[in-house]
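Only one structure is covered here, and it is reproduced in the block below.
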């Protein structure tokens, strides 16, 4: 993450990923980096993200999901500098179609005993993220 211009959070929400992106991870990012969460609100420590943006620790962020939905009117997220709040548009229909097509393709591959597309080694990926 220290060399990334953009860090995009897309892990599933599990006990291991709850609060996965917090002060330590934001501190490890470049000051010019931007953070994007398309996963679940609970994978991000929102207070740590607000602090990182307010102090200029990172350049910007986009949140499409939140710890509390709908987003309360009094949340500091609305007024945090360099934070774009989007209304859960990461799940657009074209994306759902693409995911469905990928699933069906992988189902066919699985039935044939072929290698699946877009597999993730969850242990390695989680260890890599936690290292920051």
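Residue numbers (the working numbering): 1 to 132. Cβ coordinates follow ideal geometry from the N, Cα and C atoms, glycine included.
*DSSP on residue 17, reduced to helix/strand/coil?*
In this structure, residue 17 counts as coil in the three-state DSSP scheme.
*In terms of residue numbering, what span does the alpha helix (DSSP H) encompassing residue 50 cover?*
Run containing residue 50: 46-54, per the alpha helix (DSSP H) assignment.
_Three-way DSSP call (helix, strand, coil) for residue 40 in this model_ = DSSP, read as helix, strand or coil, puts residue 40 in coil.
*Whose CA, out of 5, 52 and 8, lies closest to the CA of residue 24?*
It is 52.
*Measuring CB to CB, does residue 67 end up less than 9 Å from residue 101?*
No Cβ-Cβ contact shorter than 9 Å links residue 67 with residue 101.
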